[in-house]
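Taken in order, these protein sequences are the chains called A and B. Each residue of the first sequence is one higher than the one before, counting from 3 in this note's numbering. Each residue of the second sequence is one higher than the one before, counting from 480 in this note's numbering. Glycine residues also receive a C-beta, built at the ideal position from the N, C-alpha and C atoms. Written below as structure tokens is the structure these notes are about.
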Amino acid sequence: EPEVTQTPSHQVTQMGQEVILRCVPISNHLYFYWYRQILGQKVEFLVSFYNNEISEKSEIFDDQFSVERPDGSNFTLKIRSTKLEDSAMYFCARSPGLAYTDTQYFGPGTRLTVL
Amino acid sequence: QKEVEQNSGPLSVPEGAIASLNCTYSDRVSQSFFWYRQYSGKSPELIMSIYSNGDKEDGRFTAQLNKASQYVSLLIRDSQPSDSATYLCAVPQGGGNKLTFGTGTQLKVEL
Chain A
3 EPEVTQTPSH
13 QVTQMGQEVI
23 LRCVPISNHL
33 YFYWYRQILG
43 QKVEFLVSFY
53 NNEISEKSEI
63 FDDQFSVERP
73 DGSNFTLKIR
83 STKLEDSAMY
93 FCARSPGLAY
103 TDTQYFGPGT
113 RLTVL
Chain B
480 QKEVEQNSGP
490 LSVPEGAIAS
500 LNCTYSDRVS
510 QSFFWYRQYS
520 GKSPELIMSI
530 YSNGDKEDGR
540 FTAQLNKASQ
550 YVSLLIRDSQ
560 PSDSATYLCA
570 VPQGGGNKLT
580 FGTGTQLKVE
590 L
């Protein structure tokens, strides 16, 4: 299974602060996704990203969130002005393509705790 | 809103038994289905994928798909304590293949 890393593994922040979560996917995967999982709940899609553009986003992904690939390798999710309800595991996933057979591989996740 | 439904469990089986995990989905045009395993506090790990009606076997795991009934299942033979985890059913939707997950079924394999 292709590797992807996410940093930090755990982020603790105060409500209202900005956080940046990072994902480093392998270079030949073109499609990236962010998902989150609130404790005890299902994994939820946030946003998909292709060719340096957002290709799809969910209702959760409001103006508080942004994604970018600042240096062509790292893939970041920024959460501005964090809220208590943003506490969750955030997973980066990547896929080699958009064929219905293409698998999404998940990174280890970042646990975000908003106090 | 496309739905993916799973029984949350817990499903308890004795070691060595067959565990049967079920999933139903609402989107009739779905073409592919994925089973992920998730240990507590960890990320989803791909177990199996299935695209065609019928059975697909990989080691101790068998995925079964019935598109007419909109039903996909995962069988785990010779269950081991290390199989104790939450099993997530996921269905790609939309042109971007965003995954819609079920709530997951917690499996407990008892000694």
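Item	Value
Start-to-end residues for the beta strand (DSSP E) that takes in A542 (chain B)	540 to 545
Chain-ordered chain B contacts of P110 (chain A) [CB-CB under 8 Å]	K521, S522
Bridge partner(s) assigned by DSSP for L554 (chain B)	B:S499, B:T541
S528 (chain B) at chain A interface by Cβ criterion, 8 Å	yes
Proximity of T105 (chain A) and Q8 (chain A) at Cβ, strictly below 8 Å	no
DSSP state of P560 (chain B) mapped onto helix, strand, coil	helix
Coil, strand or helix - L590 (chain B) by DSSP	coil
Backbone secondary structure at L86 (chain A) - three-state DSSP	helix
Residue-chain proximity (F93 (chain A), chain B), Cβ-Cβ < 8 Å	yes
Interface partners of S561 (chain B) on chain A, CB under 9 Å	Correct list: empty, because the minimum Cβ distance to chain A is about 18 Å.
Residue-chain proximity (T503 (chain B), chain A), Cβ-Cβ < 8 Å	no
Through-space distance from M91 (chain A) to R539 (chain B), alpha-carbon basis	30 Å
Within-8 Å CB hit, E58 (chain A) to chain B	yes
Span of the beta strand (DSSP E) around S68 (chain A)	67 to 70
Beta-carbon gap between G588 (chain B) and E484 (chain B) smaller than 8 Å	Before going further, note that residue 588 (chain B) is Val rather than Gly in the sequence given. Taking 8 Å as the Cβ cut-off, V588 (chain B) and E484 (chain B) do not qualify as a contacting pair.
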